[in-house]
Structures are given as structure tokens and as C-alpha cells.
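Structure first, then comments.
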Amino acid sequence: MFIQTLFTPDRLRYDGVRPINIYLLRFLYFLMFAFVGWDSWSAIITHQGPWEPLRAVAFCVWATYATLSVLGLLQPLRLLPIVVFMIGYKLLWLAVVALPLWRAGTLAGSPAEPMAMVFLWIPLAMIAVPWGYVFRTFVLPRRPLAA
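For the sequence shown, my numbering begins at 310 and goes up steadily by one.
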């Protein structure tokens with residue numbers, strides 16, 4: 310019975326999103342906070358000397374979205390744009406950085422390899438996202454209220 314309720318859309322509590330997606334999103338937000346937050350905030354706090362501007366932007370963006378992911382634990386659907394942003398930049402990076410290196414046979418052992426290995430887990434985040442809800446809420450135009 311419990312398994313069935315995990316996969317049944319909950320119209321009252323979660324705008325028709327399945328509870329399994331809510332639990333997976335909360336787990337994803339926790340992972341974002343724990344791992345990305347730890348790495349990014351540690352780098353920011355312990356950094357000495359002047360920053361290289363683009364590197365600083367990357368760490369600041371990661372620290373910000375990891376910090377905002379705490380709100381995702383409480384309101385998983387409202388913070389979905391952060392997850393979509395994460396999926397987008399990781400897929401884009403894999404396409405423009407890792408894929409050409411892999412095709413050339415130079416990804417293994419390159420400075421890009423560790424990040425590529427982390428980013429290759431992105432399909433798991435894509436499974437957690439309730440894509441129908443994303444399109445209904447953030448992409449499709451809102452219907453006017455009936456008078």
C-alpha cells in the first residue's frame with residue numbers, strides 16, 4: 310500500500326506531483342547542500358590572495374545554489390528552477406568540454422576528468438524532477454482565470 314502511494318500523484322499536497330518525486334528532490338537538495346556547499350564554502354572561506362574572476366564566479370554561484378537548496382528541503386517544488394539550472398549547466402559542460410575530450414581520447418587523465426565523473430551522475434537528478442510539473446508551472450502560459 311505504501312509503495313502505491315509513493316507513485317500516486319498527490320493533488321492536494323504537491324500539486325499533482327508524485328510523493329516519490331518530492332522525496333527524491335529533498336534528497337537531491339540535501340546532497341547539493343552537503344557536498345556542493347561544503348566544497349564551495351570551504352574554497353571561499355579558506356581562499357587567500359586575489360581571486361581569478363571566472364573561478365570566483367563559479368564558486369560563488371555554487372555556494373549560492375547550495376545555500377538556497379536548504380529552502381528546497383522545505384519547499385521542494387518552489388525551488389525546482391535551481392535543479393533545472395544545475396541540470397542545464399552540467400549537461401552543457403558535458404557537451405562542450407567533456408564530450409570533445411572523450412571523442413579525441415584525451416578525457417582520461419585530463420584536468421576535466423574528475424568533474425566529468427561527478428557530472429555524469431546528472432541522469433539521477435533528471436529522474437527526480439517532475440518534468441510535467443516543470444512544464445505546466447514554468448514553461449506553459451498561465452490560463453486566465455474564469456470570470
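Cβ coordinates follow ideal geometry from the N, Cα and C atoms, glycine included.
Since I believe A425 is in contact with L389 (beta carbons under 8 Å), could you give me their beta-carbon distance rounded to a whole number of angstroms?
Locating residue 389 in the sequence shown gives position 80, counting from the first residue. Locating residue 425 in the sequence shown gives position 116, counting from the first residue. Actually they do not touch by this definition, with Cβ atoms about 25 Å apart.
Span of the alpha helix (DSSP H) holding G397?
Numbered from its first residue, the sequence shown carries residue 397 at position 88. Annotation: the continuous alpha helix (DSSP H) that includes G397 extends over L389 to W402.
List the whole-angstrom C-beta distance separating L334 from P385, where the pair is believed to meet the contact cut-off of C-beta under 8 Å.
Your numbering for residue 334 matches position 25 in the sequence shown. Your numbering for residue 385 matches position 76 in the sequence shown. That pair is a contact at about 4 Å.
How is the alpha helix (DSSP H) around G346 delimited, first residue to last?
For the purposes of this step, residue 346 is taken as residue 37 along the sequence shown, with counting starting at 1. Taken as a continuous stretch (DSSP letters only), the alpha helix (DSSP H) holding G346 covers G346 to T355.
Using 8 Å for Cβ pairs, my map puts E349 next to A375. What's the rounded Cβ distance?
Taking the sequence shown and counting its residues from 1, one reaches residue 349 at position 40. Taking the sequence shown and counting its residues from 1, one reaches residue 375 at position 66. Reading off the sequence shown, one finds Ser at residue 349, where the question assumed Glu. About 6 Å separates the CB atoms of S349 and A375; that is less than 8 Å, so the two are in contact.
Would you check if the distance between the CB atom of F342 and the CB atom of L382 is smaller than 9 Å?
For the purposes of this step, residue 342 is taken as the residue at position 33 of the sequence shown. For the purposes of this step, residue 382 is taken as the residue at position 73 of the sequence shown. Yes, Cβ-Cβ distance for F342 and L382 is below 9 Å.
Beta carbon of I396, beta carbon of M435: below 9 Å?
One-based indexing of the sequence shown puts residue 396 at position 87. One-based indexing of the sequence shown puts residue 435 at position 126. Yes, the pair counts as a contact, with Cβ atoms nearer than the cut-off.
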